[in-house]
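Trainee: Counting in this note's numbering, the first sequence runs from 136 upward without gaps.
We put the CB at the ideal spot given by N, CA and C, even for glycine.
Sending over a structure as structure tokens; questions will come in a sec.
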Amino acid sequence: MRTSEMLLPTLREDPVDTVLVSHRLMLRAGMIRQLASGLYTWLPLGLRVLKKVERIVREEMDRAGAQEVLMSGVQPSELWQESGRWSQFGPELLRLKDRHKRDFCLGPTHEEVITDIVRREVSSYKQLPLNLYQVQTKFRDEVRPRFGVMRSREFIMKDAYSFDSNEDGMQQSYQAMYDAYCRIFDRIGLDYRAVLADSGAIGGSGSQEFHVLADSGEDDIVFSDGSNYAANIEKAECVASGARLDPDEQMRKVETPTQKTIEALVNDFGIDIQKTVKTLIVRASDSCEVDFIALILRGDHTLNEVKAENHPMVRSPLTFATEKEIRAVMGAGPGSLGPVNCKIPLVTDRQAAICSDFGAGANEDGWHYFGINWGRDCDDPETADLRNAVEGDPAPDGSGQYLIRRGIEVGHVFQLGQKYSLAMQADVLDENGKQTALFMGCYGIGVTRIVAAAIEQRHDDRGICWTKSLSPFDVCIVPIGGNKNPAVDVEAVRIQNRLEDRGLEVLLDDRNLGPGPRFADMDLIGIPIRIVVSAKTLEESEVELKQRTKDSATRVPLSEIVDLVVKIE
RNA sequence: CGGAGCAUAGCGCAGCCUGGUAGCGCGUCUCGUUCGGGACGAGAAGGUCGCAGGUUCGAAUCCUGCUGUUCCGACCA
Numbered sequence: 136m137r138t139s140e141m142l143l144p145t146l147r148e149d150p151v152d153t154v155l156v157s158h159r160l161m162l163r164a165g166m167i168r169q170l171a172s173g174l175y176t177w178l179p180l181g182l183r184v185l186k187k188v189e190r191i192v193r194e195e196m197d198r199a200g201a202q203e204v205l206m207s208g209v210q211p212s213e214l215w216q217e218s219g220r221w222s223q224f225g226p227e228l229l230r231l232k233d234r235h236k237r238d239f240c241l242g243p244t245h246e247e248v249i250t251d252i253v254r255r256e257v258s259s260y261k262q263l264p265l266n267l268y269q270v271q272t273k274f275r276d277e278v279r280p281r282f283g284v285m286r287s288r289e290f291i292m293k294d295a296y297s298f299d300s301n302e303d304g305m306q307q308s309y310q311a312m313y314d315a316y317c318r319i320f321d322r323i324g325l326d327y328r329a330v331l332a333d334s335g336a337i338g339g340s341g342s343q344e345f346h347v348l349a350d351s352g353e354d355d356i357v358f359s360d361g362s363n364y365a366a367n368i369e370k371a372e373c374v375a376s377g378a379r380l381d382p383d384e385q386m387r388k389v390e391t392p393t394q395k396t397i398e399a400l401v402n403d404f405g406i407d408i409q410k411t412v413k414t415l416i417v418r419a420s421d422s423c424e425v426d427f428i429a430l431i432l433r434g435d436h437t438l439n440e441v442k443a444e445n446h447p448m449v450r451s452p453l454t455f456a457t458e459k460e461i462r463a464v465m466g467a468g469p470g471s472l473g474p475v476n477c478k479i480p481l482v483t484d485r486q487a488a489i490c491s492d493f494g495a496g497a498n499e500d501g502w503h504y505f506g507i508n509w510g511r512d513c514d515d516p517e518t519a520d521l522r523n524a525v526e527g528d529p530a531p532d533g534s535g536q537y538l539i540r541r542g543i544e545v546g547h548v549f550q551l552g553q554k555y556s557l558a559m560q561a562d563v564l565d566e567n568g569k570q571t572a573l574f575m576g577c578y579g580i581g582v583t584r585i586v587a588a589a590i591e592q593r594h595d596d597r598g599i600c601w602t603k604s605l606s607p608f609d610v611c612i613v614p615i616g617g618n619k620n621p622a623v624d625v626e627a628v629r630i631q632n633r634l635e636d637r638g639l640e641v642l643l644d645d646r647n648l649g650p651g652p653r654f655a656d657m658d659l660i661g662i663p664i665r666i667v668v669s670a671k672t673l674e675e676s677e678v679e680l681k682q683r684t685k686d687s688a689t690r691v692p693l694s695e696i697v698d699l700v701v702k703i704e
């Protein structure tokens, strides 16, 4: 390929309104252009990278025994009503009507469609296990698309679905996908971690996410410094550190006319923040006899909304009480709430439950109690894991302490179990001729997001630094001074042909520009190997070889250049 | 959905306050020179100033409404 014939609209200046390096570099390198909020056109250079990712994904999925299919991006509402998600999904599901006024949606995922095809076409356990995947455009009407293709509304995802007749089989299928994912991310060359995850609204039992570690990531990933334990902060278990001490103080009531926050309480009374608790009022689940319950956390901790929502007494979705509701049930406003004389059920975080001699609101405006002790001043608490982990927390397996890093979610594997097969009557006959609902797994990889994540991890101040596995071209050739010495251009083309004969993808930068802008562009678009052909080096039958991530170039005899380049990893 | 910006040539921006011929840099096109890290000269093209109303003799500029887009927050298999 020649740059003179390619649509390669590189930008010299930084585009405005780009927060992420990857977004800025993808625009500058001419990989993508924005069409509308959260919608992008992939230009030739970007598409080449995208296809590299897709190819690796396909090869490893095929190797793991999955079969590729392609499902419609537009889906009929009936299937979604059957699974119950037509009403569960919010405005993120883009709904539309056809000319006959029938309801459809743009598929944000394809569990319903795949379950439908399998229940129609698969009727016997002998046809299992089965794993079907596709590489498809998904659409989710994100509230706030941002960061270029990192969080766009339309994006390409590889989604796979496994079907087994029993739970054991499902777990084997899940493990096979987990292993395939590791191979995929290894081959792509990402620094990633597999972490435990909440299965969220999609439902099911086991779930792990694959995260690329990057400061720009949107998720907090919690690791143990002493073992392989790693989890999304949504999921990372928090155990109580230490044990509750015996009471030292008597409970006393203190007037706190202006102290409505933990911070004010700590500042104005000089008490240890770890000797305070805060009280949050949320709507109770339908199974409770009351409308609201109170969640208690230690003063320096924050509520983990996913954990809270998963608690049987808490309504899903998590709904905080309004100030008016709080006053009605508690008799005091937020800022003066606490466990003593609390009129509604309490659920207390494990760590808050081992506090002693602590301070909390008195459920009376303008008053707090200090020196509170569980069991003496209020009931012994019903405990649960409700808070977000913080660095230094003990790991639940006792192996060490938590560290927290940012991660970009690029893959997610779920054991769905029978959630969809039961809702949609996807059954097969088992060995005994008995109807049994399928055990499913689903497995996603954010293909477009991987391109951005790879750039987040591999770039410098001049531009992108592609790994060999993702680079849009293997080598670029920059001829210099061809206008003076025609041998330069002749030799550049000869090298190009010889490299292409060896199976490499070569970009020849034959634009009628000075060397400066061409070097800058080749650095920007990140081709890992650069060959410079100039009159100066040609006199000695040599060319210059430079690797994108190395500081200096080397001189190589013309006769050896092709063999040498082929060998570079 | 709350809050805050922005919208003028392909890109980046000035002009708006104080109404009166639409500008600058980069890029693009032509010719010539130039070729080891974003060259030089000469010439040229390119704009319903986001859209719709209003005020005015006259609106990019003032007023109203709308749309798009970005950022912060909430949200997010």
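Along the chain, where does the beta strand (DSSP E) containing M292 start, and where does it finish?
Mentor: Taking the first residue of the first sequence as 1, we reach residue 292 at position 157. Note, M292: beta strand (DSSP E), 289-299.
Trainee: Check the DSSP bridge columns for C577 and list the partner residues they point to.
Mentor: The residue you call residue 577 lines up with position 442 of the first sequence. In the DSSP output, where bridge partners are listed per residue, C577 has Y296, F549.
Trainee: Can you give, in chain order, each stretch of the beta strand (DSSP E) that sits fully within the stretch 417-483 and has at least 3 residues?
Mentor: Here the runs fully enclosed are 427-433.
Trainee: Nearest by alpha-carbon distance to S420: which of A443, Q271, K410 is it?
Mentor: Against the first sequence, residue 420 aligns to sequence position 285. Nearest of A443, Q271, K410 to S420, Cα basis: A443.
Trainee: For G501, which residues of its own chain have a beta-carbon under 8 Å away from its beta-carbon, when the five flanking residues on both sides are left out?
Mentor: As a working note, residue 501 is residue 366 in the first sequence. Hits under 8 Å: E390, T391, P392, S471.
Trainee: Closest to I545 by CA distance: which of D294, Y268, C240, N266 is it?
Mentor: As a working mapping, residue 545 is identified with position 410 in the first sequence. A small fix is needed here, since residue 545 is Val in this sequence, not Ile. The candidate whose alpha carbon is nearest that of V545 is D294.
Trainee: By alpha-carbon positions, which one of D251, C577, L214 ends up nearest to A311?
Mentor: Your numbering for residue 311 matches position 176 in the first sequence. Out of D251, C577, L214, C577 has the C-alpha closest to the C-alpha of A311.
Trainee: For T138, count neighbouring C-beta atoms within 10 Å of its own C-beta (all shown protein chains included) and say buried if the count is 16 or more, exposed if not.
Mentor: By 1-based counting over the first sequence, the position of residue 138 is 3. By the neighbour-count rule (16 or more Cβ atoms within 10 Å), T138 is buried.
Trainee: So, are the CB atoms of P607 and V184 less than 7 Å apart?
Mentor: Here residue 607 corresponds to residue number 472 of the first sequence, with the count starting at 1. Here residue 184 corresponds to residue number 49 of the first sequence, with the count starting at 1. A contact, by the Cβ cut-off of 7 Å.
Trainee: Assuming P621 is part of the alpha helix (DSSP H), what are its boundary residues?
Mentor: Here residue 621 refers to the residue found at position 486 when the first sequence is read from its first residue. Taken as a continuous stretch (DSSP letters only), the alpha helix (DSSP H) holding P621 covers 621-636.
Trainee: Would you kindly work out how many angstroms separate the C-alpha atoms of A456 and V417, rounded to a whole number?
Mentor: Position 321 of the first sequence, counted from the start, is the residue given in the question as residue 456. Position 282 of the first sequence, counted from the start, is the residue given in the question as residue 417. If I take the Cα positions, the gap works out to 5 Å.
Trainee: Select from N301, G304, S359 the residue whose C-alpha is nearest the C-alpha of R328.
Mentor: The residue you call residue 328 lines up with position 193 of the first sequence. When each option's Cα is compared against that of R328, the closest is S359.
Trainee: DSSP three-state call for E390: helix, strand or coil?
Mentor: Locating residue 390 in the first sequence gives position 255, counting from the first residue. The answer is strand: DSSP assigns E390 an E or B state.
Trainee: Using the three-state DSSP reduction, which class does G181 fall into: helix, strand or coil?
Mentor: As a position in the first sequence, residue 181 is number 46, starting the count at 1. Helix.
Trainee: How would you call N402, buried or exposed, if buried means at least 16 neighbouring beta carbons within 10 angstroms?
Mentor: To locate residue 402, count along the first sequence from 1; it is residue 267. N402 is exposed by the Cβ-count criterion.
Trainee: Any idea which residues DSSP pairs R522 with across the strands?
Mentor: Numbered from its first residue, the first sequence carries residue 522 at position 387. Note: R522 sits in a beta bridge opposite L438.
Trainee: Restricting to runs no shorter than 4 residues, where is the alpha helix (DSSP H) found entirely within the stretch 171-255?
Mentor: Here the runs fully enclosed are 179-198, 212-218, 220-223.
Trainee: Do L380 and V347 come within 7 Å of each other at the CB atom, strictly closer than that value?
Mentor: For the purposes of this step, residue 347 is taken as residue 212 along the first sequence, with counting starting at 1. For the purposes of this step, residue 380 is taken as residue 245 along the first sequence, with counting starting at 1. No, these two residues do not count as a Cβ contact at 7 Å.
Trainee: Taking all protein chains shown into account, decide if V425 is buried (16 or more other Cβ within 10 angstroms of its Cβ) or exposed.
Mentor: In the first sequence, residue 425 corresponds to position 290, counting from 1. Exposed.
Trainee: When the Cα atoms are used, what is the spatial distance from V366 to L605?
Mentor: Walking along the first sequence from the start, residue 366 turns up at place 231. Walking along the first sequence from the start, residue 605 turns up at place 470. It is worth fixing the name first, because residue 366 is Ala in this sequence and not Val. Rounded to whole angstroms, A366 to L605 spans 28 Å at the Cα level.
Trainee: Please classify G552 as buried or exposed, where buried requires at least 16 other C-beta atoms within 10 Å of its C-beta.
Mentor: Against the first sequence, residue 552 aligns to sequence position 417. By the neighbour-count rule (16 or more Cβ atoms within 10 Å), G552 is buried.
Trainee: I'd like to know if the stretch 595-604 and the stretch 568-585 are in contact, where contact means that at least 3 CB-CB pairs between them fall below 8 Å.
Mentor: The stretch 595-604 vs the stretch 568-585: no contact.
Trainee: Going along the chain, which unbroken runs of the beta strand (DSSP E) with 3 or more residues stay wholly within the stretch 337-388?
Mentor: As far as the stretch 337-388 is concerned, its whole beta strand (DSSP E) runs of at least 3 residues are 342-348, 354-359, 365-367.
Trainee: Would DSSP call A587 helix, strand or coil?
Mentor: Numbered from its first residue, the first sequence carries residue 587 at position 452. In the structure shown, A587 sits in a helix (DSSP, three-state: H, G or I).
Trainee: Quick check on DSSP: helix, strand or coil for N618?
Mentor: Taking the first sequence and counting its residues from 1, one reaches residue 618 at position 483. Looking at N618 - three-state DSSP - the assignment turns out to be coil, as it is neither helix nor strand.
Trainee: Please determine if the stretch 297-306 and the stretch 233-242 are in contact, where contact requires at least 3 C-beta pairs separated by less than 8 Å.
Mentor: No, the stretch 297-306 is not in contact with the stretch 233-242.
Trainee: Whole angstroms are fine: how far does the CA of D645 sit from the CA of V330?
Mentor: Counted from its first residue, the first sequence places residue 330 at position 195. Counted from its first residue, the first sequence places residue 645 at position 510. Approximately 47 Å between the Cα atoms of the pair.
Trainee: Quick check on L643: buried or exposed, where buried means 16 or more other Cβ atoms within 10 Å of its Cβ?
Mentor: In the first sequence, the residue the question calls residue 643 occupies position 508. Buried is the call here.
Trainee: Between the C-alpha atoms of R168 and V156, what's the straight-line distance to the nearest angstrom?
Mentor: Within the first sequence, residue 168 is the residue found at index 33, counting from 1. Within the first sequence, residue 156 is the residue found at index 21, counting from 1. Going from the Cα of R168 to the Cα of V156 covers about 15 Å.
Trainee: Three-state secondary structure (DSSP) at Q271?
Mentor: As a working note, residue 271 is residue 136 in the first sequence. Looking at Q271 - three-state DSSP - the assignment turns out to be strand.
Trainee: On the criterion of 16 or more Cβ atoms from any shown chain inside 10 Å, does Q592 qualify as buried, or is it exposed?
Mentor: Working through the first sequence from its first residue, we reach residue 592 at position 457. Q592 should be labelled buried.
Trainee: If you draw a straight line from the C-alpha of E440 to the C-alpha of C373, how long is it?
Mentor: Start at 1 with the first residue of the first sequence, and residue 440 comes out as number 305. Start at 1 with the first residue of the first sequence, and residue 373 comes out as number 238. Using only the alpha carbons, I get a separation of about 14 Å.
Trainee: Quick one: using the 10 Å Cβ neighbour count with 16 as the cut-off for buried, is S259 buried or exposed?
Mentor: Taking the first sequence and counting its residues from 1, the one referred to as residue 259 is at position 124. The residue in question, S259, is exposed, as its Cβ has fewer than 16 Cβ neighbours within 10 Å.
Trainee: Do you know offhand how far G219's Cα is from G579's?
Mentor: Counting from 1 along the first sequence, the entry for residue 219 is found at position 84. Counting from 1 along the first sequence, the entry for residue 579 is found at position 444. If you take the alpha carbons of G219 and G579, they lie about 21 Å apart.
Trainee: From the DSSP secondary-structure annotation, give me the bridge partner or partners of F505.
Mentor: Position 370 of the first sequence, counted from the start, is the residue given in the question as residue 505. In DSSP, F505 forms a bridge with R387.
Trainee: Among the residues of its own chain, which have a CB less than 6 Å from the CB of P144, if the five just before and after it don't count?
Mentor: Looking up residue 144 in the first sequence gives position 9. If we look at P144 and ignore the five residues flanking it on each side, its Cβ neighbours are G165.
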